[in-house]
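Undergrad:
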Amino acid sequence: MRINVLQHTPNEGPGTIQQWSQDHGHEMYIYHPYQFGNLPTATETDMLIILGGPMSPNDDLPWIKQERVLIQQLLDAHKPIFGACYGAQQIAKTLGYAIKKAPHKEVGWAPVYLKNNIIPGIPEKLTALHWHEEMFEVPDQADLLFSSDLVKNQGFIMNGNVIGLQFHFEPGPDNVREIAVNDDQYSLDHNDLHQTGAEIIAHGVPAENKRVMYQLLDFMVKNS
1 MRINVLQHTP NEGPGTIQQW SQDHGHEMYI YHPYQFGNLP TATETDMLII
51 LGGPMSPNDD LPWIKQERVL IQQLLDAHKP IFGACYGAQQ IAKTLGYAIK
101 KAPHKEVGWA PVYLKNNIIP GIPEKLTALH WHEEMFEVPD QADLLFSSDL
151 VKNQGFIMNG NVIGLQFHFE PGPDNVREIA VNDDQYSLDH NDLHQTGAEI
201 IAHGVPAENK RVMYQLLDFM VKNS
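Numbered according to UniProt numbering, the sequence shown spans residues 1 to 224.
1) Using CA coordinates, which residue listed in ASN11, MET158, VAL5 and GLN72 is at the minimum distance from residue 227?
2) Please classify ALA102: does DSSP put it in a helix, a strand, or coil?
3) Taking buried to mean at least 16 other C-beta atoms within 10 Å of its own C-beta, is THR94 buried or exposed?
4) Three or more beta-carbon pairs under 8 Å between the stretch 156-163 and the stretch 180-190, yes or no?
5) In whole angstroms, what separates the C-alpha of GLU170 from that of LYS65?
6) Does the distance from the C-beta atom of SER56 to that of GLU134 stay below 8 Å?
7) Ends of the alpha helix (DSSP H) at PHE146?
8) Which class does PRO111 belong to by DSSP, given the choice of helix, strand or coil?
9) Considering Cα atoms alone, identify which of ALA77, ALA207, GLY155 and ARG177 is closest to residue 289.
10) As an exercise, report each continuous beta strand (DSSP E) stretch of at least 3 residues that is fully enclosed by the stretch 20-69, in chain order.
11) Could you check whether GLN90 and residue 236 sit closer than 8 Å to each other, using their CB atoms as the reference points?
12) CA-CA distance, ARG68 and THR43?
13) Taking 8 Å as the threshold (C-beta atoms), are VAL112 and PHE167 in contact?
14) DSSP three-state label for GLU178, please.
15) Given ALA142, which residues of its chain have a CB within under 7 Å of its CB, disregarding the five upstream and five downstream residues?
16) State the Cα-Cα distance for the pair ILE122 and PRO62, rounded to the nearest angstrom.
17) Can you find the residues in the same chain that come closer than 7 Å, C-beta to C-beta, to ASP183, ignoring five residues on each side of it along the sequence?
18) List the residues that DSSP assigns as beta-bridge partners of ASN4.
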């Protein structure tokens with residue numbers, strides 16, 4: 001299976017999604033449209049991963065709009081799509097739903113709560129890495145998957161093979177350090193989780209996050 005990844009900033013890579021791909025013998029291609037402007041075609045995409053980034057789906061940039069064309073083509077073809085943070089927002093925006101300021105800016109570690117049992121075996125409560133101040137509206141055709149204490153719309157699932165998460169399960173310890181040391185100022189500016197970059201690094205990554213990331217991806221592939 002060819003997995004195409006859209007990466008949107010140097011310090012937010014695929015993390016454990018890449019490990020999952022390698023463990024399953026898939027081929028992964030990582031695109032950087034914010035820098036090079038290149039995107040894969042729908043026909044050469046078996047699964048699409050849309051990672052986070054500092055931009056907004058509301059930004060008037062040609063490559064952001066082109067991403068949504070690709071997302072729509074893959075939705076029409078019933079191919080699996082996973083979006084993290086900005087990526088989840090891009091999926092919702094493609095479906096015609098608003099992206100707006102969240103009631104709280106979340107940067108750091110905080111619990112998320114499972115809101116349905118569509119995917120078996122997911123714990124009722126998990127600790128995830130948050131790095132956002134915007135949020136998506138949950139599409140009518142999707143089910144709310146996760147909520148946090150500060151922001152209700154934290155995750156959705158649609159048709160069994162499209163998942164968007166406002167937070168991050170994919171970073172491993174090295175990824176968290178890379179995110180925090182390069183974007184520490186973001187955590188210091190009006191952060192309602194009140195965590196510094198050093199505190200975020202010191203927290204460590206819960207071991208179950210990798211397992212749950214694998215579960216989500218396995219479920220999506222099974223239902224495609």
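Cβ coordinates follow ideal geometry from the N, Cα and C atoms, glycine included.
TA: The answer reads as follows:
1) No statement about residue 227 is possible, as the shown extent of the chain runs from 1 to 224 and does not include it.
2) Working through the sequence shown from its first residue, we reach residue 102 at position 102. Looking at ALA102 - three-state DSSP - the assignment turns out to be strand.
3) Position 94 of the sequence shown, counted from the first residue, corresponds to residue 94. Buried, because 16 or more other Cβ atoms sit within 10 Å of the Cβ of THR94.
4) no
5) Residue numbering aside, residue 170 sits at position 170 when the sequence shown is read from its first letter. Residue numbering aside, residue 65 sits at position 65 when the sequence shown is read from its first letter. Going from the Cα of GLU170 to the Cα of LYS65 covers about 25 Å.
6) To locate residue 56, count along the sequence shown from 1; it is residue 56. To locate residue 134, count along the sequence shown from 1; it is residue 134. A contact, by the Cβ cut-off of 8 Å.
7) Reading the sequence shown from its first residue, position 146 is the one you call residue 146. No alpha helix (DSSP H) holds PHE146; the beta strand (DSSP E) holding it covers 143-148.
8) Taking the sequence shown and counting its residues from 1, one reaches residue 111 at position 111. PRO111 falls in the strand class under three-state DSSP.
9) Limits of the chain in this structure are 1 at one end and 224 at the other, which puts residue 289 out of reach.
10) 27-31 and 47-50
11) Residue numbering for the chain in the displayed model covers 1 to 224; residue 236 lies beyond these limits and cannot be assessed.
12) As a first step, residue 68 must be located in the sequence shown, where it is residue number 68. As a first step, residue 43 must be located in the sequence shown, where it is residue number 43. So the alpha carbons of these two residues sit roughly 15 Å apart.
13) Counting from one through the sequence shown, the residue named residue 167 turns up at place 167. Counting from one through the sequence shown, the residue named residue 112 turns up at place 112. Yes, the Cβ-Cβ distance between PHE167 and VAL112 is below 8 Å.
14) Within the sequence shown, numbered from 1, the residue matching residue 178 stands at position 178. Three-state DSSP puts GLU178 in a helix.
15) In the sequence shown, counting from the first residue as 1, residue 142 sits at position 142. If we look at ALA142 and ignore the five residues flanking it on each side, its Cβ neighbours are PHE156, ILE157 and MET158.
16) Here the question's residue 122 lines up with position 122 in the sequence shown. Here the question's residue 62 lines up with position 62 in the sequence shown. C-alpha separation (whole angstroms): 37 Å.
17) Counting from 1 along the sequence shown, the entry for residue 183 is found at position 183. The residues are ASN11.
18) Locating residue 4 in the sequence shown gives position 4, counting from the first residue. DSSP, once it has assigned bridges, lists TYR29 and LEU48 as partnering ASN4.
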